[in-house]
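Worksheet for the structure shown next.
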Amino acid sequence: VTIVIPAYNEEEGIEKTIMSVLSSDYPKQKLKLVVVDDGSTDNTRNIVEKLLKKYNFELINKKNEGKAKALNTALSKCNTQLFACLDADSYVEKDSIKRMIPHFDESNVGATISAIKVNKTKNIYERLQRMEYILVIMTRKLMAFINTLSVTPGVLSVYRTKVLKKINGFDETSLTEDFEIAMRLKYYGYDIEIETTAITYTNVPDSFSELWRQRVR
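Those letters in the sequence shown? Residues 78 to 294, per the numbering used here, in order.
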């Protein structure tokens with residue numbers, strides 16, 4: 078499995094994200110971590126380079142061209158059976174990756190997603206989203222059961238590498254590449270599953286203006 082973390086100006090959380098993957102209980106010899114710095118203008122690259130001196134993973138530095146292009150850059154170099162995306166403001170539980178892999182025993186599964194929870198709840202906006210995310214887990218489980226699940230969020234979604242390459246990777250013109258790639262997987266007849274015991278955490282908007290911008294997008 079190759080875990081790819083695309084990052085643009087993520088100095089506040091990138092170290093925690095990386096360490097959550099490196100602390101995974103997935104067999105180390107079968108896990109490859111790749112961080113793609115998408116032309117960050119803050120301290121993201123320096124933080125990652127310091128971690129590189131102590132831990133074994135790969136850093137790809139490129140100019141800013143968007144998340145989809147960052148993912149495709151890593152995909153073009155991927156030689157593992159599975160390819161996973163993890164947003165740079167998100168974190169995985171120790172056993173999350175291991176719990177998702179068995180779904181790929183089914184040959185028609187193109188992707189498996191995790192159960193996403195809110196990382197912190199300091200105010201009313203975050204608390205409301207915490208409840209929303211819990212309901213979303215239940216809804217997505219039902220959708221997977223009736224084979225209508227059609228989203229692969231950036232918070233740890235795992236794909237079959239050969240399938241991603243077959244359908245030409247992520248759409249670099251889309252504002253919502255995670256939704257678009259899932260719809261394309263369904264279009265080509267592949268199933269998407271959810272593993273509700275694979276818990277991941279993400280930061281959410283903590284103000285009305287940030288929440289509004291996210292929902293408009």
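By construction, the Cβ of each residue, glycine as well, lies at the ideal position given by its N, Cα and C atoms.
Query, Result
"Touching by the beta-carbon criterion (3+ pairs, under 8 Å), the region 135 to 147 and the region 212 to 222", "no"
"8 Å contact criterion, which Ile95 and Thr121 should meet: CB distance rounded", "With 8 Å as the limit, Ile95 and Thr121 do not qualify as a contact, their Cβ atoms being about 11 Å apart."
"Own chain partners of Tyr103 with C-beta closer than 6 Å, once the 5 adjacent residues on each side are dropped", "Ile174, Lys175"
"Of the listed residues Cys155, Phe160, Ala147, Leu152, nearest to Leu233 (C-alpha basis)", "Phe160"
"Exposure of Asn53, with buried meaning 16 or more beta-carbon neighbours within 10 Å", "In the structure as shown, the chain starts at 78 and stops at 294, and residue 53 therefore has no counterpart that could be examined."
"Complete runs of the alpha helix (DSSP H) confined to the region 193 to 265 [at least 4 residues]", "201 to 222, 238 to 243, 254 to 264"
"Residue of Ile193, Pro230, Glu183 minimising C-alpha distance to Glu170", "Ile193"
"Three-state class that DSSP yields for Ala145 in the structure shown", "helix"
"Assigned exposure category for Gly266 - 16 Cβ within 10 Å defines buried", "exposed"
"8 Å contact criterion, which Ser284 and Tyr202 should meet: CB distance rounded", "6 Å"
"C-alpha gap between Lys24 and Glu88, whole angstroms", "Lying before the first or after the last residue shown, residue 24 is absent from the chain, which here runs from 78 to 294."
"Boundaries of the alpha helix (DSSP H) in which Ile124 is found, first to last residue", "121 to 129"
"Strand pairing of Phe160, partner residues [DSSP]", "Thr79, Tyr236"
"Collapsed DSSP secondary structure at Glu92 in the structure displayed", "helix"
"C-alpha gap between Ile269 and Ile223, whole angstroms", "11 Å"
"Burial state of Arg237, where buried means 16 or more other Cβ atoms lie within 10 Å", "buried"
"Closest by C-alpha distance to Ile276, when choosing among Tyr168, Phe181, Thr198, Lys243", "Tyr168"
"Three-state class that DSSP yields for Leu110 in the structure shown", "strand"
"Cβ pair Tyr210, Val195 closer than 7 Å", "yes"
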